[in-house]
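Each remark here refers to the structure printed beneath this line.
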Amino acid sequence: MKKILVPTDFSKPAMIAAEVAADIARRSGGEITLLHVIEEASEGSINVEGEATYSGSWEDKIFTAKLIEKAKKQMEKLASDARFADVKVRQKLRLGTPFHGMNAIITENKVDLVVMGTSGRTALEEMIIGSNTEKVVRHSNCPVLTVHNKPASKDFKNIVYATSMDKDEEVFSRIVRRAQQVYDSTIHLVRINTPSNFQRDAVVKKYMENFAKKLQLKNYTINVFNDISEEEGIIYFADSINADMIAMATHGRTGFAHVLAGSIAEEVVSHSRRPVLTFVTKHRK
Numbered sequence: 006m007k008k009i010l011v012p013t014d015f016s017k018p019a020m021i022a023a024e025v026a027a028d029i030a031r032r033s034g035g036e037i038t039l040l041h042v043i044e045e046a047s048e049g050s051i052n053v054e055g056e057a058t059y060s061g062s063w064e065d066k067i068f069t070a071k072l073i074e075k076a077k078k079q080m081e082k083l084a085s086d087a088r089f090a091d092v093k094v095r096q097k098l099r100l101g102t103p104f105h106g107m108n109a110i111i112t113e114n115k116v117d118l119v120v121m122g123t124s125g126r127t128a129l130e131e132m133i134i135g136s137n138t139e140k141v142v143r144h145s146n147c148p149v150l151t152v153h154n155k156p157a158s159k160d161f162k163n164i165v166y167a168t169s170m171d172k173d174e175e176v177f178s179r180i181v182r183r184a185q186q187v188y189d190s191t192i193h194l195v196r197i198n199t200p201s202n203f204q205r206d207a208v209v210k211k212y213m214e215n216f217a218k219k220l221q222l223k224n225y226t227i228n229v230f231n232d233i234s235e236e237e238g239i240i241y242f243a244d245s246i247n248a249d250m251i252a253m254a255t256h257g258r259t260g261f262a263h264v265l266a267g268s269i270a271e272e273v274v275s276h277s278r279r280p281v282l283t284f285v286t287k288h289r290k
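All you need for my numbering is the position in the sequence shown, starting with 1, plus 5.
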């Protein structure tokens, strides 16, 4: 958690995410990169940093130049905000689409963690921000912490780790353990029983205990929760123990396989009022 990326559109959800990221940076000794991506009016433009070099009408160029100037002022104001006191903050401005801008920075800067809001103030912002969040959750090669509302506590003492006990979760388990170390947390391992995917408690709990030991988890609880769907079960279980964060791995698949696997994490991110930490595992063949 040394390099933390905070995409921002300067909305309230983005500001909440920035505040959470600042707290993580202080605890982990990390630095924050604030990123704002401007969607330019002209077609055929390329992602740039600093100056805009693209084709288009003079009206488009003037309009985009004004957006860049406005964004620079907003970024400077945000970076100097008191919430970033004692935290190293970098600023990046890009032209292009939000998802590709975020993805490029993640790769170029070898980002360790993305912290971002999940919704906007209006129906249009909700659609745009939600869509980009979903893409980042599905495709990012680093962990993503999504924040819907201002957390009741930034001291994440109780972390729900929703697991399918897949062997591919080894990398993600290290990420969860790192979060546990930073916050001195208790991990609540949970497996959701659904009508279409049901297993006896005794069998599941024994398997989960072996899974926890194999991953060298410490200070954890074992839980089996019954619900109609996995996403609802994860959210309701987190509510039942008043969790501070939900952590879950997802497979970055496409097509029908994505509908079966990836959508669970995206549904939890969309509907949970609690911060959700996700990570795309590399599916082994």
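Glycine included, C-beta positions come from ideal geometry on N, C-alpha and C.
Separation of residue j from residue i, as counted between CA atoms
i, j, result
"N114", "K8", "8 Å"
"M1", "V208", "The structure shown does not extend to residue 1, since the chain is modelled only from 6 through 290, so no value can be given for it."
"V176", "M170", "12 Å"
"N108", "V281", "19 Å"
"S62", "L72", "15 Å"
"N224", "I192", "6 Å"
"S190", "Q204", "28 Å"
"S33", "S201", "41 Å"
"R182", "G35", "17 Å"
"K172", "T199", "21 Å"
"I197", "G238", "6 Å"
"E64", "A70", "10 Å"
"K17", "T168", "31 Å"
"R31", "V92", "6 Å"
"N163", "N247", "8 Å"
"H105", "L194", "34 Å"
"F284", "V149", "6 Å"
"V94", "A243", "32 Å"
"V187", "K75", "36 Å"
"K211", "K219", "12 Å"
Reduced DSSP category for residue i - H, G, I as helix; E, B as strand; rest coil
i, result
"A4", "Because the chain here runs from 6 to 290, residue 4 falls outside it and cannot be looked at."
"T69", "helix"
"V116", "coil"
"L83", "helix"
"M6", "coil"
"T138", "helix"
"R88", "helix"
"H177", "Per the sequence presented here, residue 177 reads as Phe, with His not at that position. Helix."
"N215", "helix"
"N247", "coil"
"F230", "strand"
"N108", "helix"
"R99", "strand"
"P12", "strand"
"A157", "coil"
"E271", "helix"
"D189", "coil"
Opposing strand residues paired with residue i [DSSP bridges]
i, result
"V94", "I37"
"M121", "T151"
"R196", "V229"
"F284", "A254"
"A167", "V195, M253"
"I43", "L100"
"N202", "T199"
Sequence-distant residues of the same chain with beta carbon closer than 8 Å to residue i, five excluded per side
i, result
"Q79", "F15, H41"
"H276", "E236, I240"
"T123", "P18, I134, G135, T138, T151, V152, H153, V274, S275"
Nonlocal neighbours in the same chain, by C-beta distance under 6 Å from residue i, ignoring five residues either side
i, result
"P103", "V42, N137"
"E139", "E271"
"I269", "E235, E236"
"R216", "In the sequence as presented, Arg is not what sits at residue 216; that position holds Phe. M170."
Own chain, CB closer than 7 Å to residue i, minus 5 neighbours either side, in chain order
i, result
"K77", "L98"
"V273", "E236, I239, I240, I251, M253, V281"
"E214", "I227"
Is the stretch 24-35 touching the stretch 82-96, taking contact as three or more C-beta pairs under 8 Å? These segments touch.
If you pair each beta-carbon of the stretch 147-163 with each one of the stretch 231-242, do three or more pairs fall below 8 Å? Under the three-pair Cβ rule at 8 Å, the stretch 147-163 does not count as touching the stretch 231-242.
On the three-pair Cβ rule with 8 Å, is the stretch 138-146 touching the stretch 114-123? Flag = yes, the stretch 138-146 and the stretch 114-123 touch.
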